[in-house]
Amino acid sequence: MWIYEKKLMFPVKIKCPDARLAKIMVEQYGGADGELGASVRYLSQKFTMVTPQARAVLNDIATEEFAHEEMMGAITCQLLCGLTPDEIVKGGLDAYYVAHGQGVYPSSAAGVPFSACALQSKGDPVTDLYEDLAAEKKALKTYDYLIDLTMDPDVLKPLRFLREREIVHFQRFGEALDIVKNYLSETKVFDMSSAETKK
Amino acid sequence: MDRDMLLKSLTELDFMAVDIGLFLDTHPTNKDAIAAYNKIVKAADTVRVKYEKIAGPMCSFRSINRCEDAWAYAADPWPWCADANYSISEEECC
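Protein chains in written order, with my numbering: chain A, 64 to 262; chain B, 21 to 114.
Below, the structure is given as structure tokens:
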């Protein structure tokens with residue numbers, strides 16, 4: 064089960080609401096390569112993973128991604144809070160506003176609602192871990208692009224923290240893949256004689 | 021220490037524990053990492069007790085509700101509000 068702890072993994076304290084930034088930040092909240100997709104992907108894949116180490120990596124990174132999802136929600140929420148209608152129109156947030164007001168909704172920056180179509184759980188440990196390595200790289204690039212378009216230091220700080228976590232997760236998935244490949248290539252010996260004597 | 025200082029300390033210690041825990045998932049026999057992990061978890065537990073005395077319970081089913089008249093866990097502020105978070109200087113962050 065899970066324990067909710069009443070704090071963010073890294074603080075989000077934004078002073079200036081910003082419609083344009085809110086519009087693009089939802090990409091990591093509900094976009095194809097965002098935190099929600101990452102969490103659900105790893106959570107689903109853990110059930111068929113082999114080796115205790117790789118199971119632990121999937122379980123624990125899925126858990127951490129959900130803490131990241133809360134941070135992206137907090138960023139979006141604080142950027143939306145207190146915007147005037149004029150600022151919403153100027154920031155290009157009007158289409159989002161008419162659908163969600165100042166609510167936080169899991170969609171891409173282009174407005175496509177979150178979909179499990181963006182992730183896989185293939186039931187094969189090696190296939191799934193390659194998908195996870197790719198997922199971490201895609202999330203890393205999304206943070207790079209968000210950072211390119213962000214000037215506000217209050218938004219940049221949590222974005223940089225989250226970006227670095229993608230690098231650490233990529234490293235851990237790489238180690239998990241090595242462990243799983245070694246496990247699958249081990250020579251397995253079945254002792255048929257002991258089975259015979261039991262009869 | 022005031023609330024923000026305790027929260028900052030707890031956030032940092034818990035983050036270290038998460039990161040070393042993840043390292044240990046793929047390096048389960050690394051004795052140095054196990055020692056560091058245990059040291060940090062003990063330190064975090066101490067700070068958590070102090071923080072909860074000032075700021076109220078952090079968990080809905082693991083924390084003691086010290087206030088006898090009210091369910092303090094549900095009280096504001098919730099962590100997604102800017103007011104609930106502490107400031108980080110540019111030098112500390114980058």
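Using N, Cα and C, we set each Cβ at its ideal position, and we do this for glycine too.
Everything numeric in this text was worked out from a predicted model, so none of it was measured.
Residues of its chain near residue i, where Cβ-Cβ distance is below 8 Å and the 5 sequence neighbours each way are ignored
| i | result |
| --- | --- |
| leucine 142 (chain A) | Ile77, Pro80, Asp81, Ala82, Leu84, Ala85, Met88, Val218 |
| valine 189 (chain A) | Leu240, Val243, Lys244, Leu247 |
| leucine 196 (chain A) | Phe233, Phe236, Gly237, Leu240 |
| tyrosine 193 (chain A) | Leu240 |
| threonine 205 (chain A) | Glu90, Gln91, Gly94, Asp96, Gly97 |
Start-to-end residues for the alpha helix (DSSP H) that takes in residue i
| i | result |
| --- | --- |
| asparagine 245 (chain A) | 216-248 |
| histidine 163 (chain A) | 157-163 |
| tyrosine 106 (chain B) | Premise fails: tyrosine 106 (chain B) is in no alpha helix (DSSP H) and is neither H nor E. |
| threonine 46 (chain B) | 23-46 |
| methionine 64 (chain A) | Methionine 64 (chain A) -> no alpha helix (DSSP H), and no H or E assigned at all. |
| methionine 88 (chain A) | 82-93 |
| leucine 99 (chain A) | 98-108 |
Spatial neighbours of residue i in its chain, beta-carbon cut-off 7 Å, leaving aside the 5 residues before and after
| i | result |
| --- | --- |
| valine 103 (chain A) | Ala179, Leu182 |
| isoleucine 151 (chain A) | Ala82, Asp157, Tyr160 |
| lysine 262 (chain A) | In this prediction, lysine 262 (chain A) scores a pLDDT of 48, lower than 50, which makes its location untrustworthy; no coordinate-derived value is stated. |
| threonine 114 (chain A) | Ile242, Val243, Tyr246 |
| phenylalanine 331 (chain A) | Any question about residue 331 (chain A) goes unanswered here, given that chain A covers just 64 to 262. |
| alanine 64 (chain B) | Leu30, Leu33, Asp34, Ala37 |
| methionine 134 (chain A) | Leu71, Met72, Phe73, Val75, Pro221, Leu225 |
Residue from the options with nearest C-alpha to residue i
| i | options | result |
| --- | --- | --- |
| alanine 202 (chain A) | A:Ala172, A:Ala101, A:Lys109, A:Ser171 | A:Ala101 |
| glutamate 132 (chain A) | A:Leu71, A:Ile210, A:Asp254 | A:Leu71 |
| serine 184 (chain A) | A:Leu121, A:Ser256, A:Glu98 | A:Leu121 |
| alanine 92 (chain B) | B:Ala55, B:Lys51, B:Cys79 | B:Cys79 |
| aspartate 22 (chain B) | B:Lys70, B:Pro99, B:Ser109 | B:Lys70 |
| arginine 235 (chain A) | B:Phe43, B:Lys28, B:Met25, B:Leu27 | B:Phe43 |
| glycine 97 (chain A) | A:Gly136, A:Phe253, A:Ala162 | A:Gly136 |
| glutamate 111 (chain B) | A:Tyr67, A:Phe253, A:Pro216 | A:Pro216 |
| phenylalanine 177 (chain A) | A:Ile66, A:Tyr92, A:Glu68, A:Lys69 | A:Tyr92 |
| valine 61 (chain B) | B:Pro48, B:Cys101, B:Ile40 | B:Ile40 |
| methionine 64 (chain A) | B:Cys101, B:Ser107, B:Arg82 | B:Arg82 |
6 Å Cβ shell around residue i - same chain, five flanking residues per side excluded
| i | result |
| --- | --- |
| histidine 232 (chain A) | Ile124, Glu199 |
| proline 97 (chain B) | Asp103, Ala104 |
| isoleucine 210 (chain A) | Leu222 |
| leucine 106 (chain A) | Ala125 |
| leucine 207 (chain A) | One point to set straight first is that residue 207 (chain A) is aspartate, not leucine, in the sequence displayed. If we look at aspartate 207 (chain A) and ignore the five residues flanking it on each side, it has no Cβ neighbours. |
Exercise. Can you list, in chain order, the stretches of the alpha helix (DSSP H) that have 4 or more residues and sit fully within the stretch 114-189 of chain A?
Worked result: 115-143, 148-153, 157-163
Exercise. Which runs of the alpha helix (DSSP H) fall wholly inside the stretch 49-81 of chain B and span at least 4 residues, in chain order?
Worked result: 51-75
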